[in-house]
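If you read the protein sequences in the order shown, they are chains Z and S.
If you're matching positions, the first sequence starts at 9 in the working numbering and goes up one per residue.
If you're matching positions, the second sequence starts at 9 in the working numbering and goes up one per residue.
There are 2 protein chains.
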Amino acid sequence: MDIVHRIGIKAPAADVYKALATIEGLAGWWTRDTTGNAQPGGHVAFRFHTVTGDEIGGFTMGVLEQTPDHKVRWQVEDGPAEWLGTEVEFQLSQQDGQTIVMFGHRQWRDAGPGGEFMAHCSTKWATFLLSLRELVETGRGQPAPDDVKISNWH
Amino acid sequence: MDIVHRIGIKAPAADVYKALATIEGLAGWWTRDTTGNAQPGGHVAFRFHTVTGDEIGGFTMGVLEQTPDHKVRWQVEDGPAEWLGTEVEFQLSQQDGQTIVMFGHRQWRDAGPGGEFMAHCSTKWATFLLSLRELVETGRGQPAPDDVKISNWH
């Protein structure tokens, strides 16, 4: 089972790639508490907090691939059980003057009870991809803890 | 292949159900040009236009199931080839004082070239579910043609 999304960003691929392939870029649209080494073979830790500062969890990604202006691919090394071993991929292309991001969070084996956790993550990824677009187009995204809340699960 | 989403709405299930099970409700968050009979056995036509009024396509759904305050299920009878025969489902439950919408657009057999069309629809559904939440919580959604544009594909 895969989560897939597609979004178009009115900016050069190099700008989108920078937001996906650097710690500073990632901290600008996913979660401010992003640390580590975003180079291939490196590990990046993404931690999430409430607006009042309590930690509510996070993920550690192993960077499998970075192809400048084209692709970033991670494997989940630490996080919720359902995420372990899954892969996250961003592929960039050009269409109609936009940089198209094809997003995949792939190889889910367990969607959680009733499929609710995977469904939550799917919607949440969409809001973060809108935040990525906002960051690249305007210079200011909505990373956690200022992210769009979508439910009782944040 | 399924598209799945989950969103929480701070309103009674009856209010969310009304937005999913009536023509007026659907026109308030998905597309203003919604016509037909939303009762089980009925057919509902959803047409999309540009802001300048040009028609850009649409879908016709057969209503398979409506269980008040719990579930709405449609089958796609007309629309893009990739949508034909797929099913769209909204399941409602209560958690932490919110009405949780579990959304599924199921039984895709063809995701389009490179999987791009299904990925586009996944992201677009997320923005429409945020519009559904906005409609129910505030009385005003963002149905097409005033929907959030996500790419060169609208």
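Yeah, the Cβ is synthetic: ideal placement off N, Cα and C, and Gly gets one too.
Quick caveat: nothing in here was measured; it's all calculated off a predicted structure.
What residues match up with S101/Z in a beta bridge as DSSP calls it?
Stepping through the first sequence from its first residue, residue 101/Z is reached at position 93. Paired residues: I108/Z.
Where does K79/S fall in DSSP's three states?
Here residue 79/S is taken as the residue at index 71 of the second sequence, counted from 1. Note: K79/S maps to strand in three-state DSSP.
Taking one C-beta from the stretch 128 to 148 of chain S and one from the stretch 34 to 49 of chain S each time, how about it: are there three or more such pairs within less than 8 Å?
In short, these stretches touch, since the Cβ pair count reaches three.
Could you list which residues in chain S have their beta carbon closer than 8 Å to that of L137/Z, in chain order?
Here residue 137/Z refers to the residue found at position 129 when the first sequence is read from its first residue. Ordered by position in chain S, the residues that pass the 8 Å Cβ test against L137/Z are T131.
Looking at the secondary structure, which residues open and close the beta strand (DSSP E) in which G33/S lies?
Along the second sequence, read from residue 1 onward, the residue named residue 33/S stands at position 25. Run containing G33/S: none in the beta strand (DSSP E); it sits in the alpha helix (DSSP H), I31 to A35.
If you follow the beta strand (DSSP E) that H13/S is part of, which residue opens it and which one closes it?
Counting from one through the second sequence, the residue named residue 13/S turns up at place 5. Unbroken beta strand (DSSP E) run through H13/S: I11 to I17.
At least one CB of chain S closer than 8 Å to the CB of D104/Z: is that the case?
For the purposes of this step, residue 104/Z is taken as residue 96 along the first sequence, with counting starting at 1. Yes - at least one Cβ of chain S is within 8 Å of the one on D104/Z.
Flag this pair as touching only if the stretch 94 to 103 of chain Z and the stretch 70 to 81 of chain Z have three or more C-beta atom pairs under 8 Å; answer yes or no.
Segments in contact, yes.
Flag A29/S as yes if its beta-carbon sits less than 8 Å from any beta-carbon of chain Z, otherwise no.
Position 21 of the second sequence holds residue 29/S. Answer no: the Cβ-Cβ gap between A29/S and chain Z never drops below 8 Å.
Which residues share a DSSP beta bridge with A53/Z?
In the first sequence, counting from the first residue as 1, residue 53/Z sits at position 45. Beta-bridge pairing links A53/Z to T43/Z and T68/Z.
I believe G87/S touches F67/S by the beta-carbon criterion, under 8 Å. Please report the beta-carbon distance rounded to the nearest angstrom.
In the second sequence, the residue the question calls residue 87/S occupies position 79. In the second sequence, the residue the question calls residue 67/S occupies position 59. The Cβ separation is near 4 Å, so the contact holds.
Compare the C-beta of H78/Z with all C-beta atoms of chain S and state if any pair is closer than 8 Å.
Here residue 78/Z is taken as the residue at index 70 of the first sequence, counted from 1. Not one chain S Cβ lies under 8 Å of H78/Z.
Any C-beta of chain Z sitting closer than 8 Å to the C-beta of H13/S?
Taking the first residue of the second sequence as position 1, residue 13/S is located at position 5. Judged by the 8 Å Cβ criterion, H13/S is in contact with chain Z.
For H128/S, which residues in the same chain have their Cβ closer than 6 Å to its Cβ, ignoring the five residues on either side in sequence?
Locating residue 128/S in the second sequence gives position 120, counting from the first residue. Around H128/S: W161.
Alpha helix (DSSP H) containing A134/S: first to last residue?
Translated into positions along the second sequence, residue 134/S becomes position 126. It spans E124 to T146 - the alpha helix (DSSP H) in which A134/S sits, taken as one unbroken run.
Using a Cβ-Cβ distance cut-off of 8 Å, determine whether G65/Z contacts chain S.
As a first step, residue 65/Z must be located in the first sequence, where it is residue number 57. False, the Cβ-Cβ gap to chain S never drops below 8 Å.
Would you say F136/Z and D118/Z are within 8 Å of each other, going by their C-beta atoms?
Start at 1 with the first residue of the first sequence, and residue 136/Z comes out as number 128. Start at 1 with the first residue of the first sequence, and residue 118/Z comes out as number 110. Contact: no.
If we ignore side chains and look at the alpha-carbon of each, how far apart do K26/S and T60/S end up?
Looking up residue 26/S in the second sequence gives position 18. Looking up residue 60/S in the second sequence gives position 52. Whole-angstrom Cα-Cα distance: 29 Å.
Using only the alpha-carbon positions, how far apart do D104/S and P151/S sit?
Along the second sequence, one-based indexing puts residue 104/S at 96. Along the second sequence, one-based indexing puts residue 151/S at 143. Each residue's Cα considered, the two are about 28 Å apart.
Measuring CA to CA, which of R148/Z, K157/Z and W116/Z is closest to Q106/S?
Counting from 1 along the second sequence, the entry for residue 106/S is found at position 98. Looking at the Cα atoms, K157/Z is the closest of the given residues.
Quick check: the Cα distance between S159/S and L28/S, rounded to an integer number of angstroms?
Mapped onto the second sequence, residue 159/S falls at position 151. Mapped onto the second sequence, residue 28/S falls at position 20. Roughly 26 Å between the two C-alpha positions.
Could you check which residue in M69/S, Q74/S and D62/S has the C-alpha nearest to that of Q83/S?
The count along the second sequence starts at 1 and reaches residue 83/S at position 75. Of the listed residues, the one whose Cα sits closest to Q83/S is M69/S.
Classify D23/S as helix, strand or coil using the three-state DSSP reduction.
Your numbering for residue 23/S matches position 15 in the second sequence. D23/S falls in the helix class under three-state DSSP.
Which bits of chain Z does G16/S rub up against, with CB to CB less than 8 Å?
Within the second sequence, the letter at position 8 stands for residue 16/S. In chain order: I158, S159, N160 and W161.
Can you list the residues of chain S that E90/Z reaches, using a CB-CB cut of under 8 Å?
Here residue 90/Z is taken as the residue at index 82 of the first sequence, counted from 1. Those do not exist, as E90/Z stays about 13 Å from chain S at its closest Cβ, beyond 8 Å.
Taking the alpha-carbon positions, what's the G44/Z to R55/Z distance?
For this step, residue 44/Z is matched to residue 36 along the first sequence. For this step, residue 55/Z is matched to residue 47 along the first sequence. Those two C-alpha atoms are separated by around 11 Å.
Using a C-beta to C-beta distance shorter than 9 Å, which residues of chain Z count as neighbours of G123/S?
Stepping through the second sequence from its first residue, residue 123/S is reached at position 115. Here the neighbours are D10, V12, R14, M110 and G112.
Just checking: is the beta-carbon of M69/S within a distance shorter than 8 Å of some beta-carbon in chain Z?
By 1-based counting over the second sequence, the position of residue 69/S is 61. By this cut-off, M69/S is not an interface position.
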